[in-house]
Structure formats: structure tokens, C-alpha cells
Amino acid sequence: MSTDATTEEGPRQRADVGSYEDIAAAATRTTGLSDFGGTAHEEGLRLLVEDLASPEAGLTPVGNYFHRAEVKSALVGRLLTEARFTQFPEHADVTIERPIFVVGLPRTGTTALHRLLCADPGHQGLEAWLTEFPQPRPPRETWEQDPVFNAMQAAFQRHQIASPEFMGIHYMDATSVEECWRLLRQTGKSISYESLANVPRYSEWLAGQDWTDAYARHKQNLQLIGLNDTDKRWVLKNPSHLVGLDALMTVYPDALIVMTHREPVTSIASACSLSAEATADTSTTFVGETIGNTQLSMLARSWQTFWTSRQKYDDRQFFDVDYREFVQDPVGTVGSIYEAFDIDWTDAARSEVVRIDSESRTGKARPSHRYDLSDYGLTEERVREAFVL
Numbered sequence: 154m155s156t157d158a159t160t161e162e163g164p165r166q167r168a169d170v171g172s173y174e175d176i177a178a179a180a181t182r183t184t185g186l187s188d189f190g191g192t193a194h195e196e197g198l199r200l201l202v203e204d205l206a207s208p209e210a211g212l213t214p215v216g217n218y219f220h221r222a223e224v225k226s227a228l229v230g231r232l233l234t235e236a237r238f239t240q241f242p243e244h245a246d247v248t249i250e251r252p253i254f255v256v257g258l259p260r261t262g263t264t265a266l267h268r269l270l271c272a273d274p275g276h277q278g279l280e281a282w283l284t285e286f287p288q289p290r291p292p293r294e295t296w297e298q299d300p301v302f303n304a305m306q307a308a309f310q311r312h313q314i315a316s317p318e319f320m321g322i323h324y325m326d327a328t329s330v331e332e333c334w335r336l337l338r339q340t341g342k343s344i345s346y347e348s349l350a351n352v353p354r355y356s357e358w359l360a361g362q363d364w365t366d367a368y369a370r371h372k373q374n375l376q377l378i379g380l381n382d383t384d385k386r387w388v389l390k391n392p393s394h395l396v397g398l399d400a401l402m403t404v405y406p407d408a409l410i411v412m413t414h415r416e417p418v419t420s421i422a423s424a425c426s427l428s429a430e431a432t433a434d435t436s437t438t439f440v441g442e443t444i445g446n447t448q449l450s451m452l453a454r455s456w457q458t459f460w461t462s463r464q465k466y467d468d469r470q471f472f473d474v475d476y477r478e479f480v481q482d483p484v485g486t487v488g489s490i491y492e493a494f495d496i497d498w499t500d501a502a503r504s505e506v507v508r509i510d511s512e513s514r515t516g517k518a519r520p521s522h523r524y525d526l527s528d529y530g531l532t533e534e535r536v537r538e539a540f541v542l
């Protein structure tokens with residue numbers, strides 16, 4: 154979710170989304186940069202912008218601003234990384250070995266598990282502010298002196314006030330390790346757009362795409378961001394890894410995949426609720442049953458694609474986590490992952506995992522979420538049928 158769509162006075166508004174050319178020009182003005190590194194991103198983003206301007210999207214003035222900001226953010230990220238790639242050519246020599254990817258349907262414990270795995274001092278994740286503004290990760294003690302970091306943190310704080318229900322579902326601030334879809338969308342490919350609007354033509358286009366170029370750029374970004382932490386293992390997570398497994402394994406052939414499992418009825422209801430909260434007041438059509446139909450279709454397709462692809466790869470690179478067992482014993486689950494992948498479960502790693510697990514159960518990061526499948530025109534039978542292999 155873009156963090157610049159809300160001010161202290163309330164959500165910003167626009168009469169329309171604008172054209173792709175208009176948004177690209179705005180990204181250039183914002184950054185002072187003009188090298189997008191080619192045009193590979195344009196096909197998807199142009200189609201997305203056309204869809205967002207259509208009656209099917211039904212965007213409100215708030216929605217026009219919100220979705221324009223999302224597209225602009227992808228273009229800003231692409232411009233910034235192209236400049237950083239040139240500024241730090243040594244990033245290309247960084248080796249990424251046996252990265253861990255946490256995958257699963259939304260609301261299956263992926264966020265909590267991802268953050269526990271990132272607690273290990275020998276691991277690194279993608280902090281929210283660096284997914285928006287990729288650069289070699291500065292020393293942690295310098296972040297509060299960075300104007301970009303402070304702007305991002307202020308934006309998250311405004312969002313916490315404006316959307317407390319969303320933060321109860323998925324707490325975020327600039328320091329949080331987050332999903333890596335912002336890196337993938339630099340090539341115009343992201344299921345995040347389908348989770349935020351009714352964009353049927355973009356959805357159809359995305360379903361037929363090869364994601365290899367998106368993961369190649371994803372890796373370049375990791376090499377850049379981790380330039381000062383080359384001794385640390387990457388831990389990533391994103392629901393779109395379900396649909397992009399073949400591309401992921403092409404770019405990261407030694408990847409370790411941790412897949413979370415939860416009853417799909419609960420998962421889909423919760424995912425729909427998250428989409429509804431994230432897009433409140435942005436559309437007259439992306440509500441209720443439309444959210445239910447689009448999210449069930451997209452997530453069931455992604456899940457089916459993953460299982461079809463998974464059969465091609467060494468089963469030793471995969472570890473399955475039952476949501477109920479994870480909730481009952483989070484630290485033990487992490488230890489089992491380390492054992493399965495032959496990763497050293499050091500005292501320092503275990504201590505940090507225990508600490509983060511304890512912190513996650515209280516305070517503002519403690520989950521709070523209510524949802525009902527019927528709110529989105531779905532039945533338990535229909536959801537279960539969609540996830541039969």
C-alpha cells in the first residue's frame with residue numbers, strides 16, 4: 154500500500170488517474186531521473202493504467218489518487234534502482250546463496266514466520282523503506298538521520314491513524330521487514346494490483362506472463378540493497394511467489410522454499426477483508442462480491458500454479474508449515490526449518506527468535522482481525538472446491 158496517499162487533513166483526491174505518460178513524467182519530476190533502463194515494464198503498466206481508468210475499476214477521486222500513487226511508486230523505484238545500479242556497479246558481484254522464500258496464501262502466517270526467520274542476526278530481510286527506495290542498506294544507527302527514512306516513517310504513522318483497522322490486520326512501519334512485491338512490480342508484474350482494484354484485462358495479461366525478467370531484476374535489487382551485508386542470508390516473502398515459482402527457481406536455483414498451509418476458507422475470507430480495508434473508499438465496484446470473486450480466482454490460480462510447478466524441483470528445497478502447529482509453537486517451527494535445511498540454529502538466532510515472538514504477542518504489532526466469508530459473496534463449498542488439486 155502506498156504511504157503517500159493520506160495527509161493529516163485526510164485522503165488526497167484526483168479527478169482521474171491520468172495516462173501512463175503523465176505518470177511516468179511525474180516520476181521523472183519527482184526523482185530528477187529519466188533512465189528507466191529500457192521499456193520492459195511498460196506493457197503491463199500501460200495496460201494497468203488503462204484498466205484503472207475504465208468503468209470496471211469504478212475509482213473514486215480518492216481511488217484515482219491512491220492508484221496513481223501506486224503506479225508512480227513502481228516507476229520511481231525503477232528510476233532509483235537504475236541510478237543506483239550505475240552508482241554501485243560492484244553490486245553485480247554480490248553472491249546470493251540459498252535464500253529463503255516464505256510462500257503461502259495470504260493470512261496463513263507468512264508475515265509472522267517471515268519476521269521470525271529475519272530475527273536471526275545472520276539473516277536479512279527487506280525493510281519497508283528500502284523496498285520503496287532501494288539503496289545499499291545504511292547502518293541501522295544512521296536511519297533516523299536519513300530524510301527519506303523519516304518521510305517514510307511519518308507516512309506510516311499517518312496511515313496508522315487514518316486506517317487503524319488495516320494496521321490491526323497487518324502492522325507496518327518503515328523499519329518492518331516486508332514483502333518484496335515492490336521489487337517485482339518494477340517490471341510491471343505484481344498480483345498486488347489485482348488485490349487492490351478490479352482490473353480484469355491486466356489480470357488476464359498477467360496470468361499469461363513469464364516472470365523471469367521480474368525475478369532477475371528482483372535479484373539485482375537484493376544485490377544492491379545487501380551490498381553492505383553480503384555475509385547475511387536473505388529471507389523473503391510474497392504471495393506472488395506462488396505464481397512465479399518457475400521464474401524464481403530459474404533465477405535462484407538453490408532457493409529454499411517454506412510454504413505455509415491453512416484452511417482455505419479462513420485464508421480467503423481474511424484475504425478479502427485485507428483487500429477491503431486497504432481499498433476503503435477508493436472504488437464503487439471493488440467491494441463485496443467483486444472482491445470475493447476476484448481474490449478467489451487470483452489466489453486459487455496462483456495456488457494451483459505453484460503445485461504444478463513444485464513437482465519439477467528437488468523436494469529437499471521445500472518445507473511445509475501447518476498454520477495451527479506454527480501458532481502453537483512458533484519457535485519450535487523455526488527450529489524445524491533450520492534443521493530441515495541444515496542451517497546452524499545458533500544460540501544467538503534462537504534468542505532473537507524468542508524475543509521477536511514474545512514482542513509480537515503484545516502492543517501495536519499484535520494481530521487484530523475480524524472477517525466473514527459471506528461479506529464477499531462466497532461460500533465455504535465454493536472456496537474449498539477452488540483449492541482441490
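So the sequence shown is residues 154 to 542, counted in the numbering used here.
All C-beta atoms in this analysis are idealised placements derived from N, C-alpha and C, irrespective of residue type, glycine included.
Proximity to residue i [Cα-Cα], best of the options
i	options	result
D326	A307, G341, K342, W334	A307
A431	Q298, V215, A179	V215
E416	A433, A177, E538	E538
S504	G275, L205, I253, V418	G275
V474	V506, G397, M412, V255	M412
P353	A180, L389, G197, Q457	G197
D366	W358, G397, L389	G397
S423	Y476, Q464, L526	L526
G190	T499, E235, W358	E235
A501	C271, T461, V247	C271
R165	T213, E203, L186	T213
Distance between residue j and residue i (C-alpha atoms, nearest Å)
i	j	result
G341	R182	20 Å
E318	Y368	Any reading at E318 must be qualified, since the residue scores a pLDDT of 46, below 50, and its modelled position is unreliable; no value is offered.
M320	D188	Note that M320 has pLDDT 42, beneath the 50 cutoff, so the model's placement of it is unreliable and no number is given.
G171	S207	12 Å
H323	L266	With a pLDDT of 43 at H323, under the threshold of 50, the predicted position of this residue should be treated as unreliable, though the coordinate-derived value follows. If I take the Cα positions, the gap works out to 13 Å.
E195	L380	28 Å
H371	G485	31 Å
F472	D273	18 Å
H244	L531	47 Å
Q298	Q288	15 Å
T438	T284	29 Å
L414	T261	Inspection of the sequence shows that residue 414 is occupied by His rather than by Leu. Whole-angstrom Cα-Cα distance: 6 Å.
Y218	G230	18 Å
L205	E442	19 Å
Y524	V224	29 Å
S513	Y346	28 Å
V487	F254	13 Å
W387	Q277	5 Å
L395	A193	22 Å
L409	V541	25 Å
E174	S489	50 Å
L452	Q240	38 Å
D528	E332	27 Å
Y491	Q470	12 Å
V404	R221	30 Å
E478	S436	38 Å
T264	L279	12 Å
T184	L349	25 Å
Y355	L200	6 Å
P252	A168	44 Å
Q362	A400	10 Å
S329	A281	6 Å
Beta carbon of residue i nearer than 8 Å to that of residue j
i	j	result
Q376	I249	yes
P392	I444	no
N351	A210	yes
D495	L269	no
P259	L427	yes
C425	Q448	yes
L233	F302	no
L228	A304	no
E536	V418	Reading off the sequence shown, one finds Val at residue 536, where the question assumed Glu. Going by C-beta atoms, V536 is nearer than 8 Å to V418.
D382	R290	yes
A360	R454	yes
Y466	M402	yes
Element boundaries [beta strand (DSSP E), containing residue i]
i	result
F254	253–256
Endpoints, the alpha helix (DSSP H) within which residue i is located
i	result
T183	173–184
V224	214–240
N374	365–378
C333	Counting along the chain, C333 falls outside any alpha helix (DSSP H), and DSSP gives it neither H nor E.
W296	Run containing W296: none; DSSP gives neither H nor E here.
G197	195–205
S356	353–360
Subject >> Every unbroken alpha helix (DSSP H) within the region 452–540, with a cutoff of 4 residues, ordered by chain >> reply: 476–481, 483–493, 500–513, 533–539
Original post:
Can you list the beta strand (DSSP E) stretches of 3 or more residues lying completely in the region 383–453, in chain order?
Top reply: 386–390, 409–414
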